[in-house]
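What follows is a short report on a single structure.
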Amino acid sequence: MKQLLTKGIKHGKWVLLALVLLFPLVPVPEFWITLANYIGLYAIVALGLVLLTGVGGMTSFGQAAFVGLGAYSTAYLSTALGYSPWLGLLAGLALTMAAALAIGLITMRLSGHYLPLGTIAWGLSLFFLFGNLEFLGKYDGLNGIPPIDIAGFKLDTGRSMFGLIWVILLLSIVAMQNLLQSRPGRAIRALKGGGVMAEAMGVNTARMKVIIFVIAAMLASVSGWLYAHMQRAVNPTPFGLNQGIEYLFMAVVGGAGHVWGALLGSALLTLLKDKLQSILPTLLGANGNFEVIVFGVLLVLLLQRARDGVWPYLASFSKRLFAKWLPEDKGIQVAADAAILPVRAKPAVDTVILEIDKARKQFGGLVAVNDMQFTVSAGQIVGLIGPNGAGKSTMFNLVTGVLPLTSGAVRFYRDGKLQDIANLPSREIVKLGIGRSFQHVRLLASMTVLENVAIGAHLRTKGGDVMEVIASILRRDGKVENSLLAEAKRQLERVGLAHLMNEEAGSLALGQQRILEIARALCCDPSLLLLDEPAAGLRFKEKQELAGLLRKLRAEGMSILLVEHDMDFVMNLTDQLVVMEFGTKIAEGLPQEVQQNPAVLEAYLGGID
Amino acid sequence: MDFSIAAILAQDGITSGAIYALLALALVLVFSVTRIIFIPQGEFVAFGALSLAAIQSGKFPHSASLLLAFGLLCMGKEVVTQLRSKQPLNVKSLALSAGKLLLFPLAVWILARNVAVQEWSLFAQVLLALAIVVPMGPMIYRLAYQPLAEASTLVLLIVSVGVHFALTGMGLVMFGAEGSRTTAFSDARFELGAMQISGQSLVVIAVSALLIAALYFYFERSLSGKALRATAVNRLGAQLVGIGTIQAGRLAFTLAAAMGALCGVLIAPMTTVYYDGGFLIGLKGFVGAIVGGLVSYPVAAAGALLVGLLESYSSYWASAYKEVIVFTLIIPVLLWRSLSSKHTDEDEE
Numbered sequence: 004m005k006q007l008l009t010k011g012i013k014h015g016k017w018v019l020l021a022l023v024l025l026f027p028l029v030p031v032p033e034f035w036i037t038l039a040n041y042i043g044l045y046a047i048v049a050l051g052l053v054l055l056t057g058v059g060g061m062t063s064f065g066q067a068a069f070v071g072l073g074a075y076s077t078a079y080l081s082t083a084l085g086y087s088p089w090l091g092l093l094a095g096l097a098l099t100m101a102a103a104l105a106i107g108l109i110t111m112r113l114s115g116h117y118l119p120l121g122t123i124a125w126g127l128s129l130f131f132l133f134g135n136l137e138f139l140g141k142y143d144g145l146n147g148i149p150p151i152d153i154a155g156f157k158l159d160t161g162r163s164m165f166g167l168i169w170v171i172l173l174l175s176i177v178a179m180q181n182l183l184q185s186r187p188g189r190a191i192r193a194l195k196g197g198g199v200m201a202e203a204m205g206v207n208t209a210r211m212k213v214i215i216f217v218i219a220a221m222l223a224s225v226s227g228w229l230y231a232h233m234q235r236a237v238n239p240t241p242f243g244l245n246q247g248i249e250y251l252f253m254a255v256v257g258g259a260g261h262v263w264g265a266l267l268g269s270a271l272l273t274l275l276k277d278k279l280q281s282i283l284p285t286l287l288g289a290n291g292n293f294e295v296i297v298f299g300v301l302l303v304l305l306l307q308r309a310r311d312g313v314w315p316y317l318a319s320f321s322k323r324l325f326a327k328w329l330p331e332d333k334g335i336q337v338a339a340d341a342a343i344l345p346v347r348a349k350p351a352v353d354t355v356i357l358e359i360d361k362a363r364k365q366f367g368g369l370v371a372v373n374d375m376q377f378t379v380s381a382g383q384i385v386g387l388i389g390p391n392g393a394g395k396s397t398m399f400n401l402v403t404g405v406l407p408l409t410s411g412a413v414r415f416y417r418d419g420k421l422q423d424i425a426n427l428p429s430r431e432i433v434k435l436g437i438g439r440s441f442q443h444v445r446l447l448a449s450m451t452v453l454e455n456v457a458i459g460a461h462l463r464t465k466g467g468d469v470m471e472v473i474a475s476i477l478r479r480d481g482k483v484e485n486s487l488l489a490e491a492k493r494q495l496e497r498v499g500l501a502h503l504m505n506e507e508a509g510s511l512a513l514g515q516q517r518i519l520e521i522a523r524a525l526c527c528d529p530s531l532l533l534l535d536e537p538a539a540g541l542r543f544k545e546k547q548e549l550a551g552l553l554r555k556l557r558a559e560g561m562s563i564l565l566v567e568h569d570m571d572f573v574m575n576l577t578d579q580l581v582v583m584e585f586g587t588k589i590a591e592g593l594p595q596e597v598q599q600n601p602a603v604l605e606a607y608l609g610g611i612d
Numbered sequence: 014m015d016f017s018i019a020a021i022l023a024q025d026g027i028t029s030g031a032i033y034a035l036l037a038l039a040l041v042l043v044f045s046v047t048r049i050i051f052i053p054q055g056e057f058v059a060f061g062a063l064s065l066a067a068i069q070s071g072k073f074p075h076s077a078s079l080l081l082a083f084g085l086l087c088m089g090k091e092v093v094t095q096l097r098s099k100q101p102l103n104v105k106s107l108a109l110s111a112g113k114l115l116l117f118p119l120a121v122w123i124l125a126r127n128v129a130v131q132e133w134s135l136f137a138q139v140l141l142a143l144a145i146v147v148p149m150g151p152m153i154y155r156l157a158y159q160p161l162a163e164a165s166t167l168v169l170l171i172v173s174v175g176v177h178f179a180l181t182g183m184g185l186v187m188f189g190a191e192g193s194r195t196t197a198f199s200d201a202r203f204e205l206g207a208m209q210i211s212g213q214s215l216v217v218i219a220v221s222a223l224l225i226a227a228l229y230f231y232f233e234r235s236l237s238g239k240a241l242r243a244t245a246v247n248r249l250g251a252q253l254v255g256i257g258t259i260q261a262g263r264l265a266f267t268l269a270a271a272m273g274a275l276c277g278v279l280i281a282p283m284t285t286v287y288y289d290g291g292f293l294i295g296l297k298g299f300v301g302a303i304v305g306g307l308v309s310y311p312v313a314a315a316g317a318l319l320v321g322l323l324e325s326y327s328s329y330w331a332s333a334y335k336e337v338i339v340f341t342l343i344i345p346v347l348l349w350r351s352l353s354s355k356h357t358d359e360d361e362e
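Going line by line, the protein sequences match chains B and Z. The working numbering puts the first residue of the first sequence at 4, with every later residue one more than the last. The working numbering puts the first residue of the second sequence at 14, with every later residue one more than the last.
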């Protein structure tokens, strides 16, 4: 018995699929089938919202409009023109993709709240459009839609549609899980932590956002196609803004960050709505959709008390309940035979690799970086020091493309000569071989250490974002995935964190998180490493280990520019020091020279007058 | 289209534009002070209009009961917070809260229930309707938003949608599915050349203009207005200099609720208002506010005026597509905003 259970849980997907397919064969009431069909249809849409909102951090109230696009496309083609429903599916997907692409491109560049507002407007106008277009039957909609036909077998009952709906749903869930555990998936999950880190690792965040917006819209469109052929009629009402809001509600209730939360949320809400619609009107003595009151209050309370939805509770509860039978969680397995990624050839020792030439940054009247000038040579560790507010981090942001220069130049050695890289975006600069860590650690707390580091290797494999997304959904990315994870593991071993690789990054101590950031930067295969206060928060022993690591890197030909406040650390490690104060360079030279420099002493200790 | 039709359409457009402008200003105010995108604004419009309609037709405005319920819930929260805090019970502040949250709603409720308010003058009836609806603003802030004051804009937006859902449903329970109209403020008509100007339009435009001017002086000249502006610019900084951001939020919601309810009172004589009709009106204010990037008052007001005119003229040429045209306007506006903004705020979650 126990063995059977363990096996069943291990092959959970297949057991679930079998159970689902058997469900309509059992003589359950027709009404159950109808409810289950709706749950499936809604869950497909909510799944898109999990990707968009829970994982990607963007909100859309307009998914119902995309459902409508899918439904109306197939309804029109199969009634007015008599085409096959399958052609309707393709047409709906194409139309939805074009619409989502256009809207995505317009709104994705704006800050967070414009997208949801845009989707409200978009959802409303499409609803009114459906309701007013003559050829779509105005508010009466279109009737007489033919059933879907699979190899001569007509899906003309709720029971027969059930299988198709749920197979599509389960396939979508598996596809989504595949996507999230892949190179593009990690990039998508990195979106939520603010774009700066993802961009610094070479992710084109704007494009990734548009891609997941389109994926979510296409899932909605598929749901619309199924809906049209299940109902055999469409009208504008189920594609209005209220339904769009309910879809979002489902994702939030279920747990917007979890793939299964979509199914849980749509099941809970569909059943709740069904119950409320029979109870509330008798209770209030009038007809109307009073369930919105309960929904609204529930949504507010949920966001106040349990922002992650119901799924996390259910998951941890059932984990405890079934702990005996569950196979041991071994974490992500890194294949031993993974292909090793190619490594960039580093410039010969002592070539100038980075040249800052009269770099200037002004914020309004404030000159944060005032015509700075210094160089870093290959195989050198250069320290950039100065009192708080001297402009060191701003200088870093200028080199890494986070901030644009006001004037001057930043030149980096590539293709045999120094070339200007100012005004390139971060993701282009990391491509050239500049890796960085952040002063305030930017990690994805809920991802494992290994996955966090693997984000750094984002650019190490070539491939278009769209093709990669498709490959990962189909699990055709095994080789790439293996070598990326192997590379991440190798860098973790290098910095001495390999034993923690399956922990959640958020559970690490601050010092360890800083080291993790270095491992991530090393994954970018840089020839120049920019470290912003790497030793802050480290204990004495850890600092010594870090210094050892940086020396080892230098010996391998790596060039390092670091900002640091710990003077012992800097003095013992660096080959060259640059001292900044009020945005201006006040000294430069060997650490021993700088230590004696009167201007530096004054900046740090104050004048003697 | 001849000149007289164009003139009538312009008059309509400016009248509704004035309403949208008021709503847009309230939305900008709430957003900049609290980062809340105040979707339920439209419900205040509907509640204001329908409460007044109920008063005028001699029915009991059930919104007074809702006010009572909100007051009780807020009071409950207040007591629980006081009991949980380590400090000794602050009797004075509790008594003050009881006055605001229990006695005032109760007084309004008794007044609406037992006094023949149907015979009151129009002005007094409007005041009563406002007294019912306006206090709901800060109460909703207390119940729904205050526990989430530090949450991200997106979470607050979803909360707003939840509040909108709940209030719409309550509107249906309180006022039923039928729409209502109220008596006009003025039956006067003025001839201006070939054009007729209705007194009602003039009242709407005048009240809007007055309110906008009053808001301007409030923000420029008064201390509490300046405190609100300071909160809008920098919440943390405002907190550090002793401005209570919770008080600021409450104040912003009071103002927004007042402007919403007033809009409802103003439009109720011109158009039939349904329990869920406020939402579309509020959203048109939104389109205006978005033109102003949710931060600029004058641009938002101008945008709202544009929305009003666009709606009025498109209802002449393509009346079925009126809403489509108005809401699609947001797309080019967003495109323009996206091209003109240099860099989005990366640190915002």
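Built from N, CA and C at the ideal position, the CB exists for glycine as well. Keep in mind it's a predicted model, so treat the numbers as computed, not measured.
{"Asked": "Buried versus exposed call for K297(Z) [16 or more other C-beta atoms within 10 Å across all chains shown]", "Found": "buried"}
{"Asked": "Classification of I218(B) by the beta-carbon crowding that lies within 10 angstroms, buried from 16 upward", "Found": "buried"}
{"Asked": "G212(Z) - partner residues in DSSP beta bridges", "Found": "Its beta-bridge partners do not exist; DSSP assigns none."}
{"Asked": "Assigned exposure category for M570(B) - 16 Cβ within 10 Å defines buried", "Found": "exposed"}
{"Asked": "Cβ neighbours of E584(B) in the same chain (closer than 7 Å, five flanking residues each side left out)", "Found": "G389, P390, A393 and A606"}
{"Asked": "Assigned exposure category for V303(B) - 16 Cβ within 10 Å defines buried", "Found": "buried"}
{"Asked": "Spatially closest choice to L143(Z) from S327(Z), A77(Z), F44(Z) and V254(Z), by CA coordinates", "Found": "A77(Z)"}
{"Asked": "Beta carbon proximity, P160(Z) to chain B, threshold 9 Å", "Found": "yes"}
{"Asked": "Counterpart residues of R310(B) in DSSP-defined beta bridges", "Found": "According to DSSP, R310(B) bridges with nothing at all."}
{"Asked": "Cβ neighbour criterion (16 or more within 10 Å) applied to N290(B)", "Found": "exposed"}
{"Asked": "Range covered by the alpha helix (DSSP H) that runs through E216(B)", "Found": "Residue 216(B) is actually Phe in this sequence, not Glu. Where F216(B) is concerned, the enclosing alpha helix (DSSP H) stretches over T208 to Q234."}
{"Asked": "Close Cβ partners of A220(B) (< 6 Å) along its chain, the five nearest in sequence each way excluded", "Found": "F69, T99 and A103"}
{"Asked": "Own chain, CB closer than 7 Å to K395(B), minus 5 neighbours either side, in chain order", "Found": "L387, G389, V566 and M583"}
{"Asked": "Chain Z within 9 Å of F131(B), Cβ atoms only", "Found": "yes"}
{"Asked": "Where V237(B) meets chain Z, residues with beta-carbon distance less than 8 Å", "Found": "Simply none; closest approach about 18 Å."}
{"Asked": "Beta bridge counterpart(s) of F366(B) as assigned by DSSP", "Found": "L369(B)"}
{"Asked": "Those residues which DSSP pairs with G438(B) across a bridge", "Found": "L532(B)"}
{"Asked": "For S396(B), the three-state DSSP class (helix, strand or coil)", "Found": "helix"}
{"Asked": "Span separating the alpha-carbon of L580(B) from that of I424(B)", "Found": "23 Å"}
{"Asked": "Minimum Cβ-Cβ distance from G30(Z) to chain A less than 9 Å", "Found": "Going by chain labels, chain A is absent from the structure shown, which instead holds the protein chains B and Z."}
{"Asked": "Cross-strand partners of G91(B) (DSSP beta bridge)", "Found": "Note: G91(B) sits in no beta bridge, so no partner."}
{"Asked": "Cβ neighbours of G198(B) in the same chain (closer than 7 Å, five flanking residues each side left out)", "Found": "T208"}
{"Asked": "Helix, strand or coil at E359(Z) [DSSP, three-state]", "Found": "In this prediction, E359(Z) has a pLDDT of 39, which is less than 50 and means its spatial position is unreliable; what the coordinates show is noted afterwards. E359(Z) falls in the coil class under three-state DSSP."}
{"Asked": "Helix, strand or coil at V352(B) according to DSSP, with G and I counted as helix", "Found": "coil"}
{"Asked": "Whole-angstrom distance between L173(B) and I47(B), CA atom to CA atom", "Found": "9 Å"}
{"Asked": "DSSP-derived helix/strand/coil call for G205(B)", "Found": "coil"}
{"Asked": "F133(B) beta carbon less than 9 Å from that of L139(B)", "Found": "yes"}
{"Asked": "Three-pair Cβ contact test at 8 Å for the region 514-521 of chain B versus the region 489-503 of chain B", "Found": "yes"}
{"Asked": "Min CB distance P241(B) to chain Z below 9 Å", "Found": "no"}
{"Asked": "Closest residue to A550(B) among V573(B), H461(B) and G540(B) (Cα-Cα distance)", "Found": "V573(B)"}
{"Asked": "Nearest residue (CA-CA) to C87(Z), options S70(Z), L102(Z), L107(Z) and D15(Z)", "Found": "L107(Z)"}
{"Asked": "E359(Z) to E163(Z) span [Cα, whole Å]", "Found": "Low per-residue confidence applies at E359(Z): pLDDT is 39, beneath 50, and the placement is therefore not dependable, though the value from the model is reported in the following sentence. Taking the straight line joining both Cα atoms gives about 18 Å."}
{"Asked": "Range of the contiguous beta strand (DSSP E) that encloses R202(Z)", "Found": "R202 to L205"}
{"Asked": "Cut-off 8 Å between Cβ atoms - residues of its own chain near G57(B), not counting five sequence neighbours on either side", "Found": "A254, G258, A259, G260, H261 and G264"}
{"Asked": "I303(Z): contacting residues in chain B (beta-carbon distance under 8 Å)", "Found": "Y117 and L120"}
{"Asked": "Residue from R323(B), L127(B) and P529(B) whose Cα sits closest to the Cα of L564(B)", "Found": "P529(B)"}
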